[in-house]
Amino acid sequence: MANLLLLAEHDGKTLSPATAKALTAALQMGEAADILIAGQNCEAAAQEAAKLKGARRILLADSAALSHQLAEPLAALIARLAKDYSHICAAATTIGKNVLPRAAALLDVAQLSDIVEVRESDVFVHPTYAGNVMETVRMKDEKKLLTIRATAFAAAPAAEKGEEAPIETIEAGEASELSSYVGEELTQSDRPELTAARIVISGGRGMQSGENFHLLETIADKLGAAVGASRAAVDSGFVPNDYQVGQTGKTVAPELYIAVGISGAIQHLAGMKDSKTIVAINKDEEAPIFQIADYGLVADLFDALPELAQELDKLEN
Amino acid sequence: MKILVPIKRVVDYNVRVQVKPSGSVDLDNVKMSMNPFDEIAVEEAIRLKEQNKAKEIIAISIGPAQASETIRTALAMGADKGILVQSPERLEPLNVAKILKAIADKEKPDLIILGKQAIDDDCNQTGQMLAALLNWPQGTFASKLELNGDSITVTREVDGGLQTLALKRPAIITTDLRLNEPRYATLPNIMKAKKKPIEQTTPESYGINPAPRLEILETLPPKEREGGVKVESIKELVEKLRSEAGIL
Ligand SMILES: Cc1cc2nc3c(=O)[nH]c(=O)nc-3n(C[C@H](O)[C@H](O)[C@H](O)COP(=O)(O)OP(=O)(O)OC[C@H]3O[C@@H](n4cnc5c(N)ncnc54)[C@H](O)[C@@H]3O)c2cc1C
Ligand SMILES: Nc1ncnc2c1ncn2[C@@H]1O[C@H](COP(=O)(O)O)[C@@H](O)[C@H]1O
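Chains as they are written, first to last, in the numbering used here: chain A, 13 to 329; chain B, 894 to 1141.
Laid out in structure tokens, this is it:
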């Protein structure tokens, strides 16, 4: 029987939406999953996880040794827990990608990255070559470690009242001498998180400057959208790195993706082509982004964006 | 200080690969290049050498005989020596990591800089696995590196922004795109690189028998998106998003 462990993604206080989606994928491999909440001062996140339908137990490893979920102590913890599980999953976030391969090597097993479909409890589909190839793979190791592309799965629903999973405190293990946390610079935003937003509006090199991104932000605020970017916009310093959508940035699949001043390189498409509806605004009618856009507008973005803001105002009134 | 840089020969990033009707990735006559993240790794190593913080840079590639061309590119950029581990088959990251561990045991480097991900398999695993096998710290998705004595300060690109860690040496680093901009090799350096040594080995020579743990059952192209329509104006766009797509 499949015995599942899911590493939760959280900031201590709240659970990331990616966890509920990864749980849906995990539950397609077996019937009930234990959820591991690892970190420091993360009791609140554990309580939130307990309310997810399909969670069997919440394992709470709360310790200074695990603060910031650094790879060295966390992978060691997962490897220690592994004897009880056949499948160990994490969302393919920067934490999941950092930790799970390390745990897999400690266990001497393969790891599969970014799965988008569960065929059988040991057969999975995942994209390679920037999403231009879909591979169906059977994992032959007894233990299966997988990262899950959260956007490919719906969020697990809430458990019925009174059906919450029990929270068990577990041994966190020693802190690692190998690495230590120095600091972080997190992007502050009141807008929805990029990978969870219903609407995303992204800007590319065509935006010309960071200041011009306010044209996108104005529209984002009217739509309740998140703001993203192409690599070129990030490399040019218009916006921070965590805005990057693509093969090597974030994967998004919102109801509506609006690409503004983005040419549509394969690496960018890899991160957004599963969006439900795609709009492209570009002044070059030959831009490859138009080949995948449901609605393409050939226009100068500096004319189009203010006009779009006006039209949206009209809708509101 | 000695630095190892594992570099992979992959399909050039400009190529949009196709799946053959027979169900394999069509790599006939497509341009191959060094994995872009690995170019960034080579560049970072060379900069450390230029700052007199590193003495020797060894570029390692595991792959077919043609991977020696990839190694030559790294030598022309400024690496000192190459190791080609000849292995015709596609290797899973765990096996690559095991071979790299064997080389690290022998070469005793202070730092190993890898790419964060190979743009063909998109695995993003090898550096983390190698760190586990060596029991070294890992600084993945690095956008800035600083060496101070026995410690390495690394800034990482994470989902929420940037995170900075201090790692004990020896350590594993994997590169993100904004760590640096790799240089082009100059003609004189390309000529010089022809004389630099490339050691030839095999996985077996390290006692490693790379058995696959994954069985590829099917290789298919992704679902194609149907191209849509062009709209004439913002007005029409908003109208269509409302009436057809039902979004706004
Ligand atoms: C290893 C590797 C990984 C990569 N990973 C990613 C990734 O994860 N995400 C990503 O996005 N890219 C990635 N890239 C980069 C990718 O190849 C492209 O270079 C990048 O996506 C281009 O960004 P862009 O479309 O903004 O810029 P450009 O290609 O320069 O396009 C700018 C567009 O703006 C349009 N434009 C200009 N001015 C205006 C105007 N006034 N009004 C309307 N339109 C205008 C132009 O017509 C053009 O189409 C990666 C590359 C490599 C090598
Ligand atoms: N066959 C290989 N030869 C040399 N280095 C490799 C090889 N495969 C992977 N690597 C290194 O590991 C990194 C990550 O690869 P991957 O885990 O496959 O995404 C690459 O950027 C390289 O630095």
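Just so it is clear, CB atoms sit at the ideal spot from N, CA and C, and this is done for glycine as well.
With fewer than 16 neighbouring CB atoms inside 10 Å of its own CB, Arg1135 of chain B falls in the exposed class. C-alpha of Trp1029 of chain B to C-alpha of Ala1064 of chain B: approximately 5 Å in a straight line. Straight-line measurement puts the Cα of Ile992 of chain B at about 18 Å from the Cα of Leu1107 of chain B. Comparing alpha carbon positions, the residue from B:Ile1127, B:Ile900, B:Glu1129 closest to Ile1012 of chain B is B:Ile900. For Ser28 of chain A and Gln256 of chain A, the gap between their C-alpha atoms comes out near 19 Å. Leaving aside the five residues that flank Thr1095 of chain B on each side, the residues in its chain whose CB is nearer than 6 Å to its CB run, in chain order, Gln979. When secondary structure is reduced to three states using DSSP, Ile1109 of chain B falls in the strand class.
Contact of Ser1036 of chain B with chain A is assigned, a C-beta pair being separated by under 8 Å. Contact of Val923 of chain B with chain A is not assigned, every C-beta pair being separated by 8 Å or more. With a cut-off of 7 Å, the C-beta of Thr1112 of chain B is classified as distant from ligand 2, since no heavy atom of the ligand falls inside that distance. Separation of Gly240 of chain A and Cys1016 of chain B (C-alpha to C-alpha, rounded to the nearest whole angstrom) is 23 Å. Here the segment 255 to 272 of chain A lies against the segment 283 to 291 of chain A, with 3 or more beta-carbon pairs under 8 Å apart. Collapsing the DSSP output to three states places Met219 of chain A in a helix. Using a Cβ-Cβ cut-off of 8 Å, Ile955 of chain B does not count as an interface residue toward chain A, since no Cβ of chain A sits closer than that to its own. Counting other Cβ atoms within 10 Å of its Cβ, Gly249 of chain A stays below 16 and is therefore classed as exposed. Excluding five sequence positions before and after Thr1046 of chain B, the CB atoms of its chain that fall closer than 6 Å to its own CB belong to Glu1039, Ala1059, given in chain order.
Residue-level contact by beta carbon holds for Ile304 of chain A and chain B, with a gap shorter than 8 Å. Between the segment 962 to 975 of chain B and the segment 1085 to 1103 of chain B there are three or more inter-stretch CB-CB distances shorter than 8 Å, so the stretches are counted as touching.
Residues of chain A whose Cβ lies closer than 8 Å to the Cβ of Asn1017 of chain B are, in chain order, Lys109, Pro113, Ser125.
Counting only Cβ-Cβ distances below 8 Å, Asp325 of chain A has no contacts in chain B at all, with the closest Cβ about 11 Å away. In terms of CA proximity to Ala162 of chain A, A:Leu18 leads the group A:Ala316, A:Leu18, A:Lys326, A:Gln322.
Here the residues close to ligand 1, judged by CB distance below 5 Å to any of its heavy atoms, are A:Gly216, A:Arg217, A:Gly218, A:Ser242, A:Arg243, A:Ala244, A:Gly258, A:Gln259, A:Thr260, A:Gly261, A:Gly273, A:Ile274, A:Ser275, A:Ala277, A:Gln279, A:His280, A:Asn294, A:Lys295, A:Asp296, A:Ala299, A:Asp312, A:Leu313, B:Tyr906, B:Pro929 in chain order. Distance between Asp1043 of chain B and Ile211 of chain A, taken at the CA atoms: about 46 Å. Lys1085 of chain B: member of the alpha helix (DSSP H) spanning 1080 to 1086, first to last residue.
Across the set B:Thr966, B:Leu1023, B:Pro986, B:Leu1004, the C-alpha of B:Leu1023 shows the shortest separation from the C-alpha of Lys994 of chain B. The beta carbon of Asp325 of chain A is closer than 8 Å to those of Lys234 in its chain, skipping five residues each way along the sequence. Distances from the alpha-carbon of Glu176 of chain A to those of A:Ala44, A:Leu317, A:Ala34 put A:Ala44 closest.
Chain-ordered, the chain B residues with CB closer than 9 Å to the CB of Leu309 of chain A read Lys1123, Val1124, Glu1125, Ser1126, Ile1127, Glu1129, Leu1130. In this structure, Val908 of chain B sits away from Val918 of chain B, with a CB-CB distance that is not shorter than 8 Å. By the criterion of at least three beta-carbon pairs nearer than 8 Å, the segment 113 to 122 of chain A is in contact with the segment 77 to 97 of chain A.
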